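Single-structure report; data block below.
Following this line, the structure appears as structure tokens:
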């Protein structure tokens, strides 16, 4: 793998499935990644089924285009979604940087910022469960958890990920900010609402992980090769 190939693959590792909150490389969605000596990159993407939601697919293809185009030394990026019922429209629309509404003219009524925010809020809830469960298991009292700040939580990859998702969503994520906040408003959860909030966080996390497992299984059935960077 050349330096440019490696840099492009690393850039693709920053692109996430919006619903599963995992990199498309880790999920196996990158079928191939090549870069010419002149800096022309071609990436081929694949999804678990022919009928994966077109809005999710569009987000991933568009994000991949932006990520690859930003790699130093890349003069042209081509992102191709294969074997999807809307692949022609998505590939053409992303290449033209037309946006979702213009790409699906007459079918789409809004761009996808709202959808992205919805999934970020779910990612924050799932991340809250991943951070809070070890704290509770270690004996942290609910009353202490309700007033705990991010800076008081022991460092972990899960905490880092939660803080990144909160930053993406525009929520407070500094060391002095509360661990438990409403992902829609940023307001403190409080002790009274804590049990329900933690149950919602757990259900959200379990649902995302279950969907990720299903997607991985369907991708293995559909394709018998690993994707670039798949783990």
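Residue numbers (the numbering used here): 535 to 765. All C-beta atoms, glycine included, are put in the ideal place defined by N, C-alpha and C. Remember, predicted model here, so these are calculated numbers, not experimental data.
Per DSSP, the unbroken alpha helix (DSSP H) holding residue 694 starts and ends at 691-703.
Across the set 671, 662, 726, 630, the C-alpha of 662 shows the shortest separation from the C-alpha of residue 698.
The continuous alpha helix (DSSP H) containing residue 743 extends over residues 728-756. Runs of the beta strand (DSSP E) lying entirely within the segment 609-666 and spanning at least 3 residues, in chain order: 610-615. Annotation for residue 579: the continuous beta strand (DSSP E) segment containing it runs 574-579. Nearest neighbour of residue 684 by Cα position, chosen from 707, 591, 671, turns out to be 707.
DSSP lists 557 as the bridge partner or partners of residue 550.
Only exposed fits residue 570, as fewer than 16 other CB atoms lie within 10 angstroms of its CB.
Taking all protein chains in view, the Cβ of residue 551 is crowded by 16 or more other Cβ atoms within 10 Å, so the residue is classified as buried.
Annotation: residue 681 to residue 675 spans about 10 Å, alpha carbon to alpha carbon.
Of all alpha-carbon atoms in 595, 601, 609, 666, the one lying nearest the alpha-carbon of residue 620 is that of 595. Distance from the CA atom of residue 629 to the CA atom of residue 600, rounded to whole angstroms, is 10 Å.
Within the same chain, and ignoring the five residues on either side of residue 584 in sequence, the residues whose Cβ sits closer than 8 Å to its Cβ are 617, 618, 619.
Between residue 763 and residue 672, the alpha-carbon positions lie close to 35 Å from each other. In terms of CA proximity to residue 733, 667 leads the group 607, 711, 667. Here residue 681 carries a helix assignment [DSSP, helix/strand/coil]. Contact check for residue 560 and residue 765: beta-carbon distance about 5 Å, within the 8 Å limit, so the pair qualifies.
Here residue 753 is buried, its C-beta having at least 16 other C-beta atoms within 10 Å.
Counted as a single uninterrupted DSSP element, the beta strand (DSSP E) harbouring residue 565 occupies residues 564-569. By the criterion of a C-beta distance shorter than 6 Å, residue 614 is surrounded in its chain by 578, 625, once the five residues flanking it on both sides are discounted. With 16 or more other Cβ atoms from the protein chains shown falling within 10 Å of its own Cβ, residue 553 counts as buried.
Counting along the chain, the unbroken alpha helix (DSSP H) around residue 588 starts and ends at 588-603.
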